[in-house]
Amino acid sequence: MSVISIDNLTKRYGARRGVESINLEVGRGAIFGFLGPNGAGKTTTIRVLLGFLRASAGSARILGADCWSQSPRIKRDVGYLPGDLRLYSWITLRSSMALSGTIRRRDVMKAGLVLAERFSLDPDLIVRKMSRGTRQKLGIILALAHEPKLLILDEPTSGLDPLMQDELARILRERAAAGTTVFFSSHTLGEVETLCDRVAIVRAGRIVADEAIQSLRSRAQRTVTLLFVDAGRAAAASPPGFLRILERSGRLWRGELHGEANGLLQWASSQELEDITIGSPDLESIFRSFYLTDDVATDAANGAGMGAGEQNHQPGGGGAA
Amino acid sequence: MMQGFRGLLSKAVRETWIMVAVGSLAVMLFATLLSYVLPQFREGLTDFIVQVPFLQRMISSMMGIDVSDGLTVQMILAVLWTHPVMLATIWAVEVVLCTRFPAGEVDRGTIEVLLGWPVSRRLVFWVETFVWWAAGACIVLFLIGGYSIGVSVLSAGERPAAGTVAQAAVNLLCLYGAVGGAAFLVSALSDRRGRAFAVMFGILIVSYLINFVAGIWDPARSIAFLSIMDYYKPADIFRTGGLAWSDPAVLLAIAAATWTAAMEIGARRSIATT
Numbered sequence: 001m002s003v004i005s006i007d008n009l010t011k012r013y014g015a016r017r018g019v020e021s022i023n024l025e026v027g028r029g030a031i032f033g034f035l036g037p038n039g040a041g042k043t044t045t046i047r048v049l050l051g052f053l054r055a056s057a058g059s060a061r062i063l064g065a066d067c068w069s070q071s072p073r074i075k076r077d078v079g080y081l082p083g084d085l086r087l088y089s090w091i092t093l094r095s096s097m098a099l100s101g102t103i104r105r106r107d108v109m110k111a112g113l114v115l116a117e118r119f120s121l122d123p124d125l126i127v128r129k130m131s132r133g134t135r136q137k138l139g140i141i142l143a144l145a146h147e148p149k150l151l152i153l154d155e156p157t158s159g160l161d162p163l164m165q166d167e168l169a170r171i172l173r174e175r176a177a178a179g180t181t182v183f184f185s186s187h188t189l190g191e192v193e194t195l196c197d198r199v200a201i202v203r204a205g206r207i208v209a210d211e212a213i214q215s216l217r218s219r220a221q222r223t224v225t226l227l228f229v230d231a232g233r234a235a236a237a238s239p240p241g242f243l244r245i246l247e248r249s250g251r252l253w254r255g256e257l258h259g260e261a262n263g264l265l266q267w268a269s270s271q272e273l274e275d276i277t278i279g280s281p282d283l284e285s286i287f288r289s290f291y292l293t294d295d296v297a298t299d300a301a302n303g304a305g306m307g308a309g310e311q312n313h314q315p316g317g318g319g320a321a
Numbered sequence: 322m323m324q325g326f327r328g329l330l331s332k333a334v335r336e337t338w339i340m341v342a343v344g345s346l347a348v349m350l351f352a353t354l355l356s357y358v359l360p361q362f363r364e365g366l367t368d369f370i371v372q373v374p375f376l377q378r379m380i381s382s383m384m385g386i387d388v389s390d391g392l393t394v395q396m397i398l399a400v401l402w403t404h405p406v407m408l409a410t411i412w413a414v415e416v417v418l419c420t421r422f423p424a425g426e427v428d429r430g431t432i433e434v435l436l437g438w439p440v441s442r443r444l445v446f447w448v449e450t451f452v453w454w455a456a457g458a459c460i461v462l463f464l465i466g467g468y469s470i471g472v473s474v475l476s477a478g479e480r481p482a483a484g485t486v487a488q489a490a491v492n493l494l495c496l497y498g499a500v501g502g503a504a505f506l507v508s509a510l511s512d513r514r515g516r517a518f519a520v521m522f523g524i525l526i527v528s529y530l531i532n533f534v535a536g537i538w539d540p541a542r543s544i545a546f547l548s549i550m551d552y553y554k555p556a557d558i559f560r561t562g563g564l565a566w567s568d569p570a571v572l573l574a575i576a577a578a579t580w581t582a583a584m585e586i587g588a589r590r591s592i593a594t595t
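Going line by line, the protein sequences match chains A and C.
1 is the number of the first residue of the first sequence in my numbering; add one for each residue after it.
322 is the number of the first residue of the second sequence in my numbering; add one for each residue after it.
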């Protein structure tokens with residue numbers, strides 16, 4: 001059974017668009033990244049999952065239960081960090097753990113204090129005296145302390161320093177290894193790339209890609225730099241079809257590799273080159289192509305991802321979203 | 322369910338007890354002062370009222386009884402229960418309490434933390450309702466306490482009977498219920514606490530004015546029933562020693578209808594901070 005199951009979910013705010021016909025399946029133990037530019041619909045989707053917003057059409061289920069009608073029951077198994085985190089000004093970590101423990105009917109104090117130590121958070125510091133980053137740490141601990149089956153984190157690294165971001169990544173990997181599902185939205189492509197098993201990219205209210213990171217990486221182009229022994233040989237050479245040259249300058253070529261590195265190396269062995277550099281797959285360029293292109297269908301046509309028309313259920317992220 | 326209730330209740334009490342304590346003490350102080358001072362001026366006030374017909378109508382209108390024959394000690398003590406300062410203090414505390422959820426939580430952005438816990442919105446409503454009525458009981462008890470201190474200097478014959486005071490308190494609690502229910506409803510329809518607060522005070526001021534104008538201007542009498550103050554008559558209770566039960570019944574019906582509507586709207590609407 002999927003931990004998160006979203007089926008043709010649409011949410012409109014009157015005439016304003018929220019999200020349109022979203023489909024997602026997230027399985028147990030996955031770290032799922034939910035990416036998209038501001039206003040794309042990430043937070044709307046999360047709020048529907050948490051039962052704050054009622055869907056205009058379609059359905060959202062967590063652990064098989066309907067997110068709207070069974071919201072309180074679902075939240076026993078969910079840890080949530082809001083994107084725009086506002087905490088009660090009078091609470092401390094200790095008092096919030098006591099409160100959370102009373103409401104959740106379980107002792108979360110010990111786990112909270114362990115997490116506080118890992119995040120270097122004073123358990124008796126009151127929220128009104130906390131910096132933004134410190135409040136974010138408390139919000140994260142509140143989401144984690146009861147050891148939920150599902151973590152929904154809306155931009156969790158916002159306000160955290162790099163060391164704390166690393167600590168959070170470690171904790172999320174530990175939790176995922178223990179079977180917790182992590183669903184988090186982010187703007188930071190790097191953290192998604194290093195942390196997630198799978199990503200969905202939402203733009204203008206629609207999911208334009210839902211794929212395993214590995215699959216995206218295999219489609220990502222590599223940058224290639226070729227340095228010929230002299231400008232004459234560079235001018236005489238003709239690039240193979242899988243190498244798209246973006247810049248020619250004297251004896252230097254820069255381009256993108258659309259294929260396997262082996263093919264390039266074979267071709268390069270027949271050239272008189274002084275140096276050759278093949279860069280890592282550039283995932284960021286793929287993400288950006290999803291963000292920037294105006295027409296969803298154009299994305300598909302460019303081979304950069306899946307168009308809205310192709311969006312469907314693909315548990316496991318088989319390409320189309 | 323009860324654990325959730327207890328947790329939310331401890332949070333609500335933590336956030337409101339100072340305001341309720343200050344409001345109750347202010348009401349008590351005012352009640353003591355007014356119930357001590359007013360009987361001292363009864364004779365002078367009665368002479369003055371009889372000589373100035375307009376003032377007579379104004380006071381009659383404010384108290385909801387005819388004072389053309391002068392004021393008895395019992396009647397003058399009823400001024401306390403209808404005094405604008407007293408009512409404004411009680412209502413201020415009450416509207417703050419009744420607009421805490423959802424408008425207050427949405428406005429301060431904490432609703433996502435609150436509803437991120439495994440609690441239903443209905444449970445939050447029940448907790449807030451409990452706090453609202455507990456605060457109402459506390460305020461009214463402090464009012465009665467202050468009143469009792471103030472009138473303790475009067476002779477036993479001049480002091481209103483305990484039963485009369487209790488009936489006035491019941492009438493006040495019913496008014497408190499109607500105002501609070503309406504405040505819950507306005508809050509359920511709003512995402513901004515300031516707006517909910519303004520709307521509620523607008524309703525209360527209009528209600529108070531309708532009642533007041535109806536007392537001094539005959540053509541306005543036909544719309545007096547629209548004012549909740551038309552069902553709150555402590556002076557009548559002090560004068561006759563009895564409560565017309567239709568008045569609290571109307572107030573309780575308003576309270577029940579508005580509170581139920583608030584609960585249903587609050588539980589079914591989409592809620593978000595932005």
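Glycine included, each C-beta is placed from N, C-alpha and C at the ideal position.
Just so it is clear, the structure is predicted and the values come from calculations on it, not from any experiment.
Closer than 8 Å to chain C by CB, residue i
i: Phe52 of chain A; result: yes
i: Lys75 of chain A; result: yes
i: Asp295 of chain A; result: In this prediction, Asp295 of chain A has a pLDDT of 48, which is less than 50 and means its spatial position is unreliable; what the coordinates show is noted afterwards. No, its Cβ sits nowhere closer than 8 Å to a Cβ of chain C.
i: Ile103 of chain A; result: yes
i: Asp84 of chain A; result: yes
i: Pro72 of chain A; result: yes
i: Arg47 of chain A; result: yes
i: Leu138 of chain A; result: no
i: Trp253 of chain A; result: no
i: Leu151 of chain A; result: no
i: Leu87 of chain A; result: yes
i: Trp267 of chain A; result: no
is_contact[residue i, chain A] using C-beta, thresh 8 Å
i: Thr594 of chain C; result: yes
i: Pro439 of chain C; result: yes
i: Leu475 of chain C; result: no
i: Thr431 of chain C; result: yes
i: Gly325 of chain C; result: yes
i: Leu436 of chain C; result: yes
i: Ser356 of chain C; result: no
i: Thr420 of chain C; result: no
i: Ser591 of chain C; result: yes
Own chain, CB closer than 6 Å to residue i, minus 5 neighbours either side, in chain order
i: Phe533 of chain C; result: Ser382
i: Trp580 of chain C; result: Gly502 and Phe505
i: Ile74 of chain A; result: Ile62 and Ala65
i: Thr298 of chain A; result: Unreliable placement is indicated for Thr298 of chain A, whose pLDDT of 42 sits below 50; the coordinate value is still reported in the next sentence. Cβ neighbours of Thr298 of chain A beyond the five flanking positions: none.
i: Arg514 of chain C; result: Thr420, Ala424, Gly425 and Asp428
i: Gly51 of chain A; result: Cys67, Trp68 and Ser71
i: Ala517 of chain C; result: Thr420, Ala424, Val507, Ser508 and Ser511
i: Pro37 of chain A; result: Tyr291
Of the residues the options, the one placed nearest residue i, counting alpha carbons only
i: Met584 of chain C; options: C:Phe369, C:Leu506, C:Tyr529 and C:Ile370; result: C:Leu506
i: Glu247 of chain A; options: A:Glu260, A:Thr223 and A:Gly205; result: A:Thr223
i: Gln165 of chain A; options: A:Ala55, A:Gly179 and A:Leu195; result: A:Leu195
i: Leu257 of chain A; options: A:Ser249, A:Gly250, A:Arg251 and A:Trp267; result: A:Trp267
i: Thr594 of chain C; options: C:Ala535, C:Ile544, C:Ala424 and C:Thr367; result: C:Ala424
i: Ile91 of chain A; options: C:Ile411, C:Ala333 and C:Val348; result: C:Ala333
i: Asp124 of chain A; options: A:Gly133, A:Leu138, A:Glu155 and A:Val192; result: A:Leu138
i: Leu564 of chain C; options: C:Leu493, C:Gly325 and C:Ala577; result: C:Leu493
i: Asn262 of chain A; options: A:Phe242, A:Met130 and A:Leu273; result: A:Phe242
i: Leu350 of chain C; options: C:Leu401, C:Trp453, C:Gly328 and C:Phe369; result: C:Leu401
For residue i, the first and last residue of its enclosing alpha helix (DSSP H)
i: Arg233 of chain A; result: Ala231 to Ala236
i: Trp253 of chain A; result: From DSSP, Trp253 of chain A is part of no alpha helix (DSSP H) but of the beta strand (DSSP E) over Leu252 to Leu257.
8 Å Cβ shell around residue i - same chain, five flanking residues per side excluded
i: Met396 of chain C; result: Met384, Ile386, Val388, Ala556, Phe559 and Arg560
i: Asp295 of chain A; result: Below a pLDDT of 50, predicted positions are generally treated as unreliable, and Asp295 of chain A, at 48, falls in that range; no measurement from the model is reported.
Chain-order list of residues whose beta-carbon lies under 7 Å from that of residue i (same chain, five-residue window excluded)
i: Phe451 of chain C; result: Leu330
i: Thr353 of chain C; result: Gly467, Ile470 and Gly471
i: Glu167 of chain A; result: Arg118 and Phe119
Where the beta strand (DSSP E) containing residue i begins and where it ends
i: Asn8 of chain A; result: Ile4 to Tyr13
i: Tyr468 of chain C; result: That residue, Tyr468 of chain C, is in no beta strand (DSSP E); its alpha helix (DSSP H) goes Arg442 to Val472.
i: Glu25 of chain A; result: Arg16 to Val26
i: Gly58 of chain A; result: Ala57 to Ile62
i: Val202 of chain A; result: Arg198 to Arg203
- Task: Could you name the residues of the region 167-200 of chain A whose beta carbon sits closer than 8 Å to any beta carbon of chain C, in the order they occur along the chain?
- Result: Going along the region 167-200 of chain A in chain order, one finds no residue with a Cβ nearer than 8 Å to chain C.
- Message: Please list, in chain order, the residues of the region 6-32 of chain A that have any C-beta partner in chain C closer than 9 Å.
- Response: Within the region 6-32 of chain A, the residues whose Cβ lies closer than 9 Å to any Cβ of chain C are, in chain order, Lys11 and Tyr13.
- the region 533-566 of chain C: positions lying closer than 8 Å to chain A by Cβ: Against chain A - using a Cβ distance shorter than 8 Å - the region 533-566 of chain C contributes no residues.
- Give, in chain order, every residue of the region 99-128 of chain A whose Cβ lies closer than 9 Å to some Cβ of chain C. Flagged, chain order: Leu99, Ser100, Gly101, Thr102, Ile103, Arg104 and Arg105.
- Task: Identify each residue in the region 329-350 of chain C for which the Cβ-Cβ distance to at least one residue of chain A is less than 8 Å, and report them in chain order.
- Result: Answer set for the region 329-350 of chain C: Leu329, Ser331, Lys332, Arg335 and Glu336.
- Message: Taking beta-carbon pairs under 8 Å, can you tell me which members of the region 507-535 of chain C lie near chain A?
- Response: Here the close residues number zero.
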